[in-house]
Every structure is written in structure tokens, then in C-alpha cells.
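Report on the structure given below.
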Amino acid sequence: MALVRAHILICTGTGCTASGAKDVLAKFEVELKAKKLRDEVSLVETGCHGFCEEGPLVIIYPEGTFYTRVKPEDVAEIVEEHILKGRVVTRLLFKEPLTAEQVPNYDEIAFYKKQHRLVLKNCGHINPDSIEEYIGADGYEGPAKVLLEMTPGQVVEEMKKTGLRGRGGGGFPTGMKWMFCAKSPGPKKYVICNADEGDPGAFMDRSLLEGDPHAILEGMAICAYAIGADEGYIYCRAEYPLAIKRLKQAITQAEEAGLLGEKILGTDFNFTIHIKEGAGAFVCGEETALMASIEGKRGMPRPRPPFPAVKGLWEKPSNINNVETFANVPYIFRVGAEEYAKLGTEKSKGTKVFALTGKINNTGLAEVPMGITMREIIFDIGGGIMGGKKFKAVQIGGPSGGCIPEQLLDTPVDYDSLIAAGAMMGSGGLVVMDEDTCMVDVAKFFLNFTQSESCGKCTPCREGTKRMLEMLTAITEGKGKDGDIEKLERLAKSIKAGALCALGQTAPNPILSTLRYFRDEYEAHIYEKRCPAGVCTALIGYKITDKCVGCGLCKKVCPVDAISGEPKGKHTIDPDKCIKCGACMEKCPFKAIIRG
Amino acid sequence: MSIKSLEDLRKIKADSQLQTKARKNNDTQVIIGMGTCGIAAGAREVMTAVLEELAKRNLNNVSVLQTGCIGMCQKEPLMDIVRPGEDRVTYGPVYPADVPRIIAEHLVNGNIVEDLVVAKIPNKE
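So the sequences go chain by chain: A and B. Position in the first sequence counted from 1, then plus 27, gives you the numbering used here. Position in the second sequence counted from 1, then plus 83, gives you the numbering used here.
What follows is the structure in C-alpha cells.
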């Protein structure tokens with residue numbers, strides 16, 4: 028057998044698969060065989076690189092050349108030029124959005140250069156279906172070290188020293204959580220992984236599960252040893268079929284290798300993991316609702332205490348952490364708590380993965396050390412705002428979070444600074460908004476989401492979110508009344524205080540934070556019946572100014588014949604017929620049509 | 084595969100790392116001229132011979148790369164050997180039969196095979 032001289036890594040995460048990665052993969056197989064190169068080149072499917080915007084992604088080693096948006100038609104050229112002759116196919120290289128410069132290597136792209144990938148280290152670089160590759164990348168060293176050299180108590184102490192806080196949203200110290208559960212008496216305990224990622228725009232958990240499933244299993248096994256559990260559940264939403272497939276595969280492989288199951292690594296420690304597929308209700312990401320769902324009951328939260336560490340799944344002590352939290356654990360036990368704690372700020376340690384979405388050039392996943400500023404994330408890593416528009420705000424933390432305006436872009440990103448700014452870390456979804464976004468409309472969007480996802484168990488959330496949504500809808504339709512803002516604020520505060528679970532308690536956050544920073548927009552909607560961003564259709568109209576030369580283009584594109592006028596004369600829009608689609612304004616070559 | 088101890092785990096790790104060695108660029112390189120001239124003169128067969136020889140000798144820390152035409156087509160197939168900190172040496176014409184000798188003498192032992200040398204490019208460091 029000849030030596031494998033090159034590796035072709037093709038991302039087959041959900042994003043790249045959707046843009047055609049499987050066809051690219053099949054084409055590579057055909058082309059390599061046709062050129063008799065198959066024996067010396069290895070073809071590897073990987074998980075997500077977090078740069079889905081530019082997919083399908085192909086990386087060729089040893090050079091580390093990074094090809095983007097590869098289509099099946101491009102494959103023959105890559106094989107002929109790069110694999111056979113060693114010439115880079117420059118037209119497929121990544122182009123920096125800001126400088127239009129072509130970058131041949133993965134490590135040199137600005138999007139990756141500023142990142143600090145600990146948790147995402149393996150994503151896109153190993154084959155997630157191969158336990159050998161995971162082990163080759165230092166995998167399963169954690170359990171080996173922990174099981175053979177440490178007592179459960181030492182593991183908990185080590186975890187406390189890291190200062191790691193839950194990555195699912197709440198930010199509760201993970202070491203404390205493990206300690207509470209370890210101290211709970213009882214022979215039967217559970218470890219649960221919350222993979223019910225539901226925030227709009229967040230996809231870091233999916234990428235981790237798809238790209239590095241063994242890391243989650245490893246993190247859970249270490250936790251199980253620390254708290255004395257022998258059974259674990261991964262609660263993953265059924266909308267993530269690839270994540271579930273790869274997790275199942277990883278569990279089977281780990282069991283065959285003796286890294287899960289009975290007598291792990293020859294010790295007396297037993298640990299098995301089950302997968303529970305969730306039906307996609309947002310509220311099931313709340314820990315007590317999630318456990319109810321695993322038990323086969325309706326997914327609804329219950330009051331705490333008792334906390335899961337005392338009475339959790341099937342009334343047994345349980346420890347529940349988010350996917351990203353567990354993904355930090357293998358790294359921690361490889362390098363040690365002290366080394367880990369060097370990263371980040373005083374009260375927020377380590378890194379955080381953010382999902383960049385919205386009006387940003389580089390959509391994707393960015394893992395950065397805690398304490399970096401929002402400006403660095405959006406402009407240095409994210410490549411700035413699409414189409415050269417002006418930045419307006421960034422929504423962080425999904426429907427439970429808040430908006431951060433431009434004047435706070437230099438706030439360090441850590442748990443406490445974000446809460447002080449009226450937002451929260453949440454799961455780390457970042458929705459970037461430009462000047463064309465109406466903040467009242469944004470608040471309405473998120474409220475619409477929480478209102479439909481409210482489980483209905485407690486009145487503040489069930490009724491409160493509905494009433495708030497009604498008021499926001501009225502405001503955007505031009506039916507806002509004097510006093511509405513004050514009413515919204517009062518209602519928001521009562522819901523925050525009275526709702527049963529985090530979903531309800533945080534549901535008013537989008538309203539409160541937009542009111543805090545963009546109160547003038549609410550006032551413009553209510554008192555001037557005007558939408559400054561020009562989004563709320565009921566509040567906008569189009570007018571033709573004196574710049575009109577009477578070319579007649581607008582008349583032609585108007586879908587409802589609302590525009591009249593003679594050729595070479597000034598045209599007019601009939602406001603009763605106009606449906607405010609804006610097509611005329613877009614088409615007018617003389618910029619004679621204005622919104623107002 | 085069954086892992087019963089730390090040694091088992093380390094063994095699998097070492098095996099796996101050999102498989103993925105080609106995922107980074109090594110300082111020791113074999114570079115083969117793969118322009119039209121090189122391919123016409125038989126560079127493909129030379130590359131196959133290089134890969135077989137490296138596999139036979141278990142040399143996993145060598146990157147096999149290609150380059151284009153350097154304008155010395157009559158000397159194709161050309162093959163360069165790069166060892167860290169030493170001059171880059173171009174050999175030509177290299178036929179598959181010469182490959183084991185160049186790899187054994189130069190790549191492994193550091194002795195340049197003078198009778199096949201076309202050029203030496205001084206190491207700038």
C-alpha cells in the first residue's frame with residue numbers, strides 16, 4: 028500500500044450538506060478513481076467548520092488550502108490541477124469581504140485568526156464518525172486520567188477551580204452544580220445533556236454534536252464519575268437528524284471500545300448513555316420541562332426547589348448541563364483547571380462559541396475568549412455589516428436576551444457585563460441588525476416566538492406574553508396610544524417577577540432592552556405614526572418628488588397600478604391603491620421616489 | 084477494538100496520528116515537478132515510486148508536494164528534496180528506479196546523491 032500523501036476534507040455538516048456537499052463528495056470519489064489517485068489521497072467527511080455561509084467547504088492537506096463554495100462541476104479541476112499537478116485553483120479560494128483579498132490558507136482567514144478554538148478544535152478537522160481520529164486528537168484522555176488517578180471528590184474540586192459557568196444561558200457555576208449533585212445521597216443518579224437548542228439563530232450545539240460527538244460523551248462520562256451516576260441521557264431535538272445519527276454512531280463505537288458501558292477502562296465504573304429525541308418545543312430546553320419530557324410527560328416546567336440535583340429525573344438526583352458545557356470538560360481535564368482558568372475574565376472563564384447571523388458578512392460560528400469586545404466579534408471576525416450599511420444593534424441571547432446598541436459595542440463580552448447592559452449571554456446566538464431594522468418590529472418578532480412557545484402552565488407567561496404581543500402589534504400598525512409604553516413596562520416587570528420558569532421570566536427582555544436603548548422609535552410609532560426604519564408597512568407611504576422626469580418605469584413595475592402620470596410629466600402615487608411594496612423606489616433611476 | 088488501560092488508549096492514539104500525519108505540512112519534503120513536461124516525462128510514475136518507498140520505510144513525517152514547470156524541461160522528471168535547515172536539492176532526470184537511492188541516501192541519511200543533482204538552492208535561514 029502506498030503512503031497517503033494528501034487528505035481531502037469535505038464538510039458534511041448540515042449547512043454544507045444543504046448546499047450540496049454530498050454531491051461534491053461523490054464527484055471526488057469518481058474523479059480520484061478515474062485519475063488513479065484514490066490510493067494515495069484520503070477522502071474524509073468532517074463536521075461543521077462554522078463557516079456555513081461559504082459552504083460547501085473543502086480543505087486539502089498537507090498545504091491546508093481552503094476552498095469555498097465548491098460545486099460538483101469544480102471537482103474535476105481541483106483533482107486535475109491541485110491533486111495531480113499541485114496548482115492551487117485560485118478562483119475557489121476565500122475572498123475577504125473587506126479587502127477582497129484572496130486567502131489560500133485556513134489559518135490566515137480573518138474569520139479564524141481572531142478565534143480561539145478550544146471547544147471547536149476538532150470540528151471540521153477530524154472525521155466525526157471515527158473514534159480513532161478522535162482518540163488521535165487527544166480524545167478520551169480525560170476519562171483515562173480521571174478514572175485511574177482521581178477520586179470523584181477531586182474531580183468536583185478541579186471543576187470548581189476552573190470557574191466554568193454553564194454555557195446554556197443561565198451561567199451557573201458548573202463545579203457547584205456537580206458538587207450539589209455529588210452530595211445528594213442515593214445509589215441512582217443521572218447525567219443529562221441538554222441538546223434542545225432552540226434559540227432562533229443559534230447552532231453551536233448542533234455543530235458540536237455533528238462535528239465532535241465523542242467530546243460530549245467524554246464530558247458526560249467525567250461528570251458521571253464525579254457525581255456517582257451510571258446512566259445518562261442526551262435530550263436532542265428531532266430536527267437535528269444528523270446530530271442524532273452521529274451521536275448514536277459515537278455511542279456504539281465508545282461502547283465497543285470499552286469507553287462506555289460496564290467496567291470502563293478496567294475499573295468498576297459503569298456508564299451508559301441514551302438518546303431522547305425531543306419534539307422541538309422551546310420550553311423543553313428548561314431543565315425541569317426537559318426531564319418531564321424524558322419521563323414521557325408533557326413538557327412543562329415545575330417550581331424549583333427541589334432542584335434537579337436533589338430531585339431530578341424520575342425523582343433521582345440529576346445533573347444537567349448544556350452541550351457546550353460538556354464539550355469544555357475534556358479540554359479541562361487534559362490541561363488542568365489552572366491552565367483553563369487563565370483564559371477569559373475574572374468571573375467568566377474560558378471561551379464562548381457565538382453563532383453569528385443576521386446582516387453580517389461572515390455568517391458562522393466564532394469561538395472567542397471571554398472578555399473580548401462585541402466590536403471585535405462583529406467587525407473583525409464577522410467582517411462587518413452586509414452591503415456596507417450602518418450597524419444598528421445586535422440581539423444576543425435569543426428571545427430571552429436583549430439588544431445591544433452601537434454605543435455599547437465596546438462592552439466586554441462576559442456573563443456579568445451583558446446582564447448589566449440589559450442583555451444576557453444566553454446560548455450565544457448573535458443576530459446582527461443594520462440601519463434598516465425597526466426595533467419595535469424586532470421586539471414583536473421575539474415576543475411572537477415566546478408567545479407561541481409558552482407552555483401555558485403559569486398565568487404571567489401565558490396571558491402576559493399574549494397581551495404584550497397584542498400591544499406591540501397595535502403599535503406597529505399605527506394604533507398605538509399614549510400610555511402604551513408605560514403599560515408595556517409595567518406588564519414586563521410583573522411577568523419577570525411572576526413567571527414560573529426562565530422562559531417566562533426572560534420573555535420581556537427584548538421589549539425592555541429595546542425600550543431602554545431605542546425608546547425614541549417606540550415614541551415615533553405611537554405619537555408621530557411613523558416608522559423611522561421604514562419597516563412597519565402600516566406606517567409608511569411612498570411619494571414622488573420633483574426629481575421625477577416622467578420616464579414611466581415606476582408605473583410599469585407597480586403591481587397594483589397605483590401610479591399614474593403622462594410621459595415626461597411628474598407621476599403621482601395613489602395612496603389608497605398603494606400596497607407599499609417599495610418596488611417603484613427600488614426601480615427609479617433618478618431616486619425621485621421617497622419613503623415618508 | 085477494546086481499550087482496557089491507558090496503554091491501549093495511547094497505542095490507538097499513536098496509530099491514528101500516523102493516519103492523519105498528512106494533515107500538516109512537514110519541514111521535510113519531497114517535491115515533484117508536475118507540469119505538463121514533467122508528466123510527459125513520467126513524473127506520475129516517479130511520484131508513485133516515492134509514495135511506495137516512503138510507505139515501505141514508514142517515513143510518515145515527510146510531505147509529498149508537487150510543483151509546476153521550472154523551465155528546465157529537458158531534465159524532467161525533476162524531484163526536489165528539502166531537509167530542514169539544509170539546501171534544497173533538485174535532482175533530474177529522476178526515474179522510478181532512482182527513487183529508492185535518493186530517499187535512502189539523501190532524505191534519510193543526509194548525503195546528497197551528486198551524480199543526479201541538477202541544482203542546489205541555498206537555504207536562506
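Ideal Cβ placement from N, Cα and C applies to all residues, glycine included.
Contact with chain A by residue i, beta-carbon distance below 8 Å
i                     : result
residue 153 (chain B) : no
residue 86 (chain B)  : yes
residue 171 (chain B) : no
residue 95 (chain B)  : yes
residue 158 (chain B) : no
residue 117 (chain B) : yes
residue 106 (chain B) : yes
residue 147 (chain B) : yes
residue 185 (chain B) : no
residue 111 (chain B) : no
residue 161 (chain B) : no
residue 124 (chain B) : no
residue 180 (chain B) : no
residue 92 (chain B)  : yes
residue 89 (chain B)  : yes
residue 190 (chain B) : no
Same chain only: Cβ atoms within 7 Å of residue i, ignoring 5 sequence neighbours per side
i                     : result
residue 276 (chain A) : 156
residue 487 (chain A) : 521, 522, 525, 526 and 531
residue 615 (chain A) : 580 and 581
residue 118 (chain B) : 151 and 152
residue 493 (chain A) : 478
residue 619 (chain A) : 571, 572, 574 and 575
residue 499 (chain A) : 467, 470, 471 and 474
Contacting residues, own chain, Cβ-Cβ under 6 Å from residue i (five flanking each side not counted)
i                     : result
residue 541 (chain A) : 430, 466 and 470
residue 205 (chain B) : 170
residue 40 (chain A)  : 74, 75 and 237
residue 519 (chain A) : 535, 538 and 539
For residue i, the nearest candidate out of the options (CA to CA)
i                     : options                       : result
residue 393 (chain A) : A:409, A:509 and A:258        : A:409
residue 103 (chain B) : A:154, A:425 and A:517        : A:154
residue 197 (chain A) : A:347, A:609 and A:571        : A:347
residue 257 (chain A) : A:127, A:450, A:116 and A:295 : A:295
residue 193 (chain A) : A:186, A:201 and A:187        : A:201
residue 112 (chain B) : A:90, A:457 and A:70          : A:90
residue 81 (chain A)  : A:141, A:303 and A:133        : A:133
residue 337 (chain A) : A:209, A:229, A:438 and A:544 : A:209
residue 54 (chain A)  : A:42, A:78 and A:107          : A:107
residue 92 (chain B)  : A:354, A:361, A:51 and A:159  : A:159
residue 360 (chain A) : A:181, A:122, A:87 and A:559  : A:181
residue 464 (chain A) : A:434, A:445, A:545 and A:428 : A:545
residue 177 (chain A) : A:363, A:113 and A:138        : A:363
residue 395 (chain A) : A:389, A:385 and A:377        : A:377
residue 313 (chain A) : A:454, A:600 and A:442        : A:454
Cutoff 8 Å: residue i Cβ touching any chain B Cβ
i                     : result
residue 361 (chain A) : no
residue 31 (chain A)  : yes
residue 28 (chain A)  : Caution applies to residue 28 (chain A), whose pLDDT of 49 falls short of 50 and renders its modelled position unreliable; the model cannot decide the point.
residue 37 (chain A)  : no
residue 58 (chain A)  : no
residue 505 (chain A) : no
residue 136 (chain A) : no
Neighbourhood of residue i by C-beta, 8 Å cutoff - its chain only, sequence neighbours within 5 removed
i                     : result
residue 340 (chain A) : 217, 219, 260, 318, 321 and 322
residue 624 (chain A) : This structure does not reach residue 624 (chain A), given that chain A is present from 28 up to 623, and the question cannot be answered.
residue 203 (chain A) : 187
Beta-bridge pairing of residue i - partner residues as DSSP gives them
i                     : result
residue 148 (chain B) : B:114
residue 163 (chain B) : B:114 and B:173
residue 591 (chain A) : A:599
residue 379 (chain A) : A:395
residue 461 (chain A) : A:418
residue 309 (chain A) : Beta-bridge pairing links residue 309 (chain A) to no other residue.
residue 23 (chain A)  : Because chain A spans 28 through 623 in this model, residue 23 (chain A) falls outside it and cannot be assessed.
residue 456 (chain A) : A:382
residue 204 (chain B) : B:171
### Query
What are the uninterrupted segments assigned as beta strand (DSSP E) that are 3 or more residues long and contained completely in the segment 50-115 of chain A, given in chain order?
Complete beta strand (DSSP E) runs here, min 3: 68-73, 85-88 and 92-94.
### Task
Would you list, in sequence order, the uninterrupted alpha helix (DSSP H) runs of no fewer than 4 residues that lie entirely inside the segment 181-229 of chain A?
Fully enclosed alpha helix (DSSP H) runs of 4 or longer: 201-210.
### Task
Output the residue ranges of the alpha helix (DSSP H) runs that lie fully inside the segment 248-287 of chain A and measure 4 residues or longer, sorted by chain position.
Within the segment 248-287 of chain A, the complete alpha helix (DSSP H) runs of at least 4 residues are 268-283.
### Message
Could you tell me which whole beta strand (DSSP E) segments of length 3 or greater appear in the segment 470-523 of chain A?
### Response
As summarised for the segment 470-523 of chain A, there are no continuous beta strand (DSSP E) elements at least 3 residues long confined to that stretch.
### Task
Tell me the start and end of each unbroken beta strand (DSSP E) in the segment 322-357 of chain A that is at least 3 residues and wholly inside, in chain order.
Taking only runs of at least 3 residues, the beta strand (DSSP E) segments lying wholly in the segment 322-357 of chain A are 345-349.
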